[in-house]
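Heads up, my numbering is the position in the sequence shown plus 10, with the first residue counted as 1. Ideal Cβ placement from N, Cα and C applies to all residues, glycine included. Structure first, commentary second.
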Amino acid sequence: MNFRKVNNITGWIVFAIAYATYLLTMEATASLWDCGEFLSTAFKLEVGHSPGAPLFMMLGRLFGVVAPSPDKVAIFINSMSALMSGFTILFLFWTITHFAKKLLVKAGEEVTQSNLIAIMSAGIVGALAYTFSDTFWFSAVEGEVYATSSFFTAIVFWAILKWEHVADEPHADRWLILIFYLMGLSIGVHLLNLLTIPAIVMVYYFKRYNVTLQGGIIAFLAGCVVLGFVQFGVIQYLPIFASWFELLFVNSFHMPFNSGAVFFLILACVGLALLIRWAKKSNRYLLHLCSLCVVFIIIGYSSYIAIIIRSKADVAIDMGNPDNVMTLIPYLQRDQYGQQPLVSGPDFTSQVNKVDEGRAIYAAVTDKDGNKSYQLVDHKPEYSYDETRIFPRVWDFNDPGHKQFYRSYLGLEEGERPSSSDNFSFFCGYQMNWMYWRYVMWNYVGRQNDMEGQGESHNGNWLSGVGPIDKFFGKGDVNLMPDSYKHNKARNELYFLPLILGFLGLVFQFNRDRNDGIIVGLLFFFTGTAIVLYLNNTPLQPRERDYAYAGSTYAFAVWIGLGVLMVADWFQKVLKGNMPAIAASLICILAVPVLMAAKEWDDHDRSQKTIAHDHAYNMLMSCDKNAILITYGDNDTYPLWYLQEIEGIRTDIRIINYNLLGTDWQNEQLTFKINDADALPTIWKPEDYRGDKLNYIPYYEDPRIPKNKYFSLEEVIAFFTSDANQLSTQSGDKTNYLPTKNFYVKLDKSALVKSGLVDIADTANIPGEMSWQFKGGNATRGDMALMNIIAGQAKTGWTRPIYMTDGAPNLGLDAYFQSEGPLRKLVPMIKQQVIPGLSPYTNLDKNINLFTKTFTMGKASGKDVYYDEKNRLLFLVYRQNAAELALNLIGSNRKEDAVKVLDRYMSMVSETSMPWDVLLYDRSIMMIVDAYYRAGAVDKGHKIAEKMVKNINDEVKFYRSLGDRTGNGDLYIVQQNLGVLNYLVNSAAEFGDKQSSDAWKQQMIALSAGIPSNQGQ
11 MNFRKVNNIT GWIVFAIAYA TYLLTMEATA SLWDCGEFLS TAFKLEVGHS PGAPLFMMLG
71 RLFGVVAPSP DKVAIFINSM SALMSGFTIL FLFWTITHFA KKLLVKAGEE VTQSNLIAIM
131 SAGIVGALAY TFSDTFWFSA VEGEVYATSS FFTAIVFWAI LKWEHVADEP HADRWLILIF
191 YLMGLSIGVH LLNLLTIPAI VMVYYFKRYN VTLQGGIIAF LAGCVVLGFV QFGVIQYLPI
251 FASWFELLFV NSFHMPFNSG AVFFLILACV GLALLIRWAK KSNRYLLHLC SLCVVFIIIG
311 YSSYIAIIIR SKADVAIDMG NPDNVMTLIP YLQRDQYGQQ PLVSGPDFTS QVNKVDEGRA
371 IYAAVTDKDG NKSYQLVDHK PEYSYDETRI FPRVWDFNDP GHKQFYRSYL GLEEGERPSS
431 SDNFSFFCGY QMNWMYWRYV MWNYVGRQND MEGQGESHNG NWLSGVGPID KFFGKGDVNL
491 MPDSYKHNKA RNELYFLPLI LGFLGLVFQF NRDRNDGIIV GLLFFFTGTA IVLYLNNTPL
551 QPRERDYAYA GSTYAFAVWI GLGVLMVADW FQKVLKGNMP AIAASLICIL AVPVLMAAKE
611 WDDHDRSQKT IAHDHAYNML MSCDKNAILI TYGDNDTYPL WYLQEIEGIR TDIRIINYNL
671 LGTDWQNEQL TFKINDADAL PTIWKPEDYR GDKLNYIPYY EDPRIPKNKY FSLEEVIAFF
731 TSDANQLSTQ SGDKTNYLPT KNFYVKLDKS ALVKSGLVDI ADTANIPGEM SWQFKGGNAT
791 RGDMALMNII AGQAKTGWTR PIYMTDGAPN LGLDAYFQSE GPLRKLVPMI KQQVIPGLSP
851 YTNLDKNINL FTKTFTMGKA SGKDVYYDEK NRLLFLVYRQ NAAELALNLI GSNRKEDAVK
911 VLDRYMSMVS ETSMPWDVLL YDRSIMMIVD AYYRAGAVDK GHKIAEKMVK NINDEVKFYR
971 SLGDRTGNGD LYIVQQNLGV LNYLVNSAAE FGDKQSSDAW KQQMIALSAG IPSNQGQ
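In structure tokens:
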């Protein structure tokens, strides 16, 4: 059997293993973060967040449309990720065997059986190591772009090696054209694929030129130039050039929208065709080849036309509304998310001293006579600062939390400015170590747990399982860990074995073929360190960002595979024949991929997990008919979109993401009907918020306006949207401003009762007007957009109830919110709190029914389904909700119902699914204990309290064993634990359990012994 046949057959076997693994473990439905959005936009060809993923959208549609029913769409699109991931592993296998063959077999030689075994083993070990790696496996089993992006990275890197193999044959350069076409397609999925370009250029250089140091440097720089050309010249500037023609054709020639962009595309096509023809006729081969590559990357990039077409259709999800080339530019440039400085920029202590007008912002406008034009509505601001530096790393001065973290991390006093060394220290210690190398270690050394941390010894670290090394690096004694940490399914100890094998492969490749080592090294660098440099991440990220570095762990997997060859080389000194290769393959397969699969399977099996779907369902079912639901953040919003757009559940509810209310396009979309949800009545007009107008609305304390007087919200909105009421700033500019923070809306009691928003029995509690004071210093457009929604509802008789998720800001309306399921409902009346400090409930019977008959938590009642930290945060919502509802019932003398609600929660969510430990959000379980005690179910409360006391003992002993690690927050954790224990001591005594109270008090005293006073309770 020849090498090619064995290589192909073995590769497809590895593909089958990977594909089967991902099919068996993929998410059963929509998962958290962006998955609900991507599933929805794929199934209905809608427009997701910038910079968009049109090719993923179209590929996902192909998979989703064949689903037998709406509830199966998610699993079909998830299976696309599984398939793409399987192909990624296939191309990784062939990449490794390509390099391995070059290391063992000289050109023209036959592949011996021993070498064949070693080469195949290298491919198997490296490919399966990546198959079972933490980061890649996570992305492989959900409907997100990263699996498909990895596929494009794998296939283009394999394709350049395929070209290298046949480069001396006629027509071999067709492979190069294919590569650039694939890159163009990949732009419609994710830009990470472009980072392979420098490595690809080096492969071309090493094959086609005599290698010199100077030539290598030039080739490397050329690779960077090509990367920059694609990233900026093609992706960014093609639409910019098109916008110049568009503006000319529409505003000057009075032609239809998009006519100028179409003309530019035709002109560009003709120009490129003429260039290709001239290059071919004049025998300028390299120019001809480069021109074809540019053409094919543009053809691939043309998938973005789908974004404009679907946005033009005003689909239900239309983020950024990029329905013409003018709005496509900020969409592609991610203007919504701001920009981070790279080479030069401010520190977090810098002040803005000048704001210049940058890129013009236009809006497509059709006047009352039907005339179409692009109206200049604003300019993108360009800021100048009082102090800037080269290589700024601690730069975010907008977020107070980030500023505090910078100071704490760098040990800076208040008012002290960071130095260049501080910036470099943050880059090395936080951005490189914590935000990159830690993720590499997760994949190939081991992971401590699934808790997101910021450098603490107990959260989110790498953990090898080699006790002395882990202790040396401050991970603590594993044997002393609390049960929830000790048995956390994400605790995967790999004993450094994959990392060691990878380093062996790196050394082996560089020793035997330095050029190929440089190629893999460049791929590793550009998909790792270069991303760290480019992202310039701020601290306190809302989620772990390991997915951004999947390309880096992919490159390292090549070295893991090649490490088998070095092990086989060692065995050749003691074994003969095929035995060195066989021994190396068996040992390496068992030590790396088999170990990784055994350790990682339980926390990557998401086949039974439905919590994101269930939480979204519970929120929708908590809402009254035709409700308005204000959400906050990805995990509140995207699963709701999935349920509405794909499964068609509660399409009468209008979902509005508060974080998007600060954009003009989201405010415009409020005036559209979406699915079965009617448009919202609004007070302000499009010209009031178009462009960047009202992005920021300062409050000015006008001495002519009484501080304690309340003003009609509708009048206030009319005031600050009118340019006639602008205020002059110190710079001489004019700005709209907020003249007061005291608002009211008139209330019609009969209309409120008729709409069902207020029960007739509560009529007496309805005031003549709903008044409140806006919280915060200055207002944003999002704040006032929410006020606009409230004013519109008040004006139309409160025909639609308004709900908010937990994170959405109250803006001073706290007194008018009542709990309904996991949501808060805005009710224009004052309801007395049954329990001081706890939000009252709209209707106790409705909430009991929701909890006991409607809410579902999937299979969280058992022990077999793994829920990570972000899933557990959702359980926390219901734990707190159950406790608060029970306490309200107790306050209403309904203790039996209180116990029923508590029992229902405890039966829905097992301790395995949501542990009771202090560090795992234990404050809410304290409320459960308290509610059981107060409801008279002392035994049930005591059972939970006993387990909590055990956990507290374990946790305090573990954290005290770490020594003085004040900077990492461990002393605070000890304080927190002892505070909870003190609470349990007092609760047990209050409800007649003196024996337990005394015993727990003695334990508390023992645990506190020896702790310095500043570490006490």
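Pull up the distance between the alpha-carbon of Val236 and that of Phe190, whole angstroms please.
11 Å
Is it buried or exposed, Arg14, if we count other Cβ atoms within 10 angstroms and call 16 or more buried?
exposed
Short of 6 Å in beta carbon distance, which residues of its chain neighbour Trp43, apart from the five on each side in sequence? Order them along the chain.
Asp644
Decide yes or no for the touch test of the region 365 to 377 against the region 317 to 331: beta carbon pairs closer than 8 Å, at least 3 of them.
no
Asn125: which of Gly587, Asp183, Arg501 sits nearest, CA to CA?
Gly587
Gln803 versus Gly463 - alpha carbon distance:
42 Å
Verify whether the separation of the beta carbon atoms of Ile663 and Leu630 is less than 8 Å.
yes
Selected residue, minimal CA-CA separation from Phe66, among Met90, Thr107, Leu231, Pro846:
Met90
Short Cβ contact (8 Å threshold) for Gly146 with Ser159
It is worth fixing the name first, because residue 146 is Phe in this sequence and not Gly. Not a contact, by the Cβ cut-off of 8 Å.
Beta carbon of Ser60, beta carbon of Gly330: below 8 Å?
yes
Taking the alpha-carbon positions, what's the His298 to Arg287 distance?
8 Å
For the region 409 to 421 against the region 373 to 380, are there 3 or more C-beta pairs whose distance is under 8 Å?
no
Since Gly807 and Tyr709 are thought to touch, with beta carbons under 8 Å apart, how far apart are those beta carbons, to the nearest angstrom?
Contact flag wrong, Cβ pair sits at about 30 Å.
Just verifying my parser: in three-state terms, what is the DSSP assignment at Gly477?
helix
Arg501 - containing beta strand (DSSP E), residue span
Where Arg501 is concerned, there is no enclosing beta strand (DSSP E), given that its DSSP letter is neither H nor E.
Going along the chain, which residues of its own chain have a beta-carbon closer than 6 Å to the beta-carbon of Ala164, five neighbours each way excluded?
Thr98, Phe101, Leu102
Three or more C-beta pairs under 8 Å: does that hold for the region 651 to 661 against the region 671 to 682?
no
Would you check if the region 691 to 701 and the region 813 to 823 touch, i.e. whether three or more CB-CB distances between them fall below 8 Å?
no
Check the C-beta distance from Val837 over to Val768 and give it rounded, since I have them as a contact under 8 Å.
6 Å
Closest to Ala229 by C-alpha separation, out of Phe242, Val240, Tyr214, would be which residue?
Tyr214
Only counting the same chain, and skipping five residues up and downstream in sequence, which positions put a Cβ closer than 6 Å to that of Ala789?
Ile707, Leu748
Within the same chain, show all residues whose beta-carbon is closer than 6 Å to that of Ile812, passing over the 5 residues directly before and after it, in chain order.
Ile638, Leu836
How many angstroms separate the CA atom of Leu930 from the CA atom of Gln985?
Confidence is the limiting factor: at Leu930 the pLDDT is only 49, short of 50, which leaves the residue's position unreliable, though a coordinate-based value still follows. Taking the straight line from one Cα to the other gives about 15 Å.
Coarse secondary structure for Thr376, derived from DSSP in three states
strand
Contacting residues, own chain, Cβ-Cβ under 7 Å from Ala26 (five flanking each side not counted):
none
Could you please give me the residues that DSSP links to His389 through a beta bridge?
Ala370
Would you call the CB atoms of Gly136 and Ile106 closer than 8 Å?
yes
Helix, strand or coil: which one does DSSP assign to Glu119?
coil
Starting from the C-beta of Phe267, find all residues in its chain whose C-beta is less than 7 Å away, skip the five residues before and the five after it, and write them out in chain order.
Val260, Asn334, Ala374, Lys382
Is His1029 buried or exposed, if buried means 16 or more other CB atoms sit within 10 Å of its CB?
Here the chain has residues from 11 to 1027 only, and residue 1029 is not among them.
Alpha carbon of Ala622 to alpha carbon of Trp651, nearest angstrom
12 Å
Pull the bridge partners of Thr398 from the DSSP assignment, please.
Pro356
Shortest alpha-carbon distance to Ile776 belongs to which of Phe536, Phe216, Pro492, Lys841?
Lys841
So for Ile845, helix, strand or coil by DSSP?
coil
Considering only C-alpha positions, which residue in the set Leu860, Pro402, Met451, Ser781 is nearest to Ser354?
Pro402
Under 7 Å: does the beta carbon of Asn331 sit that close to some heavy atom of the ligand HEM?
In the structure on display, the ligand HEM does not appear, and there are no ligands present to speak of.
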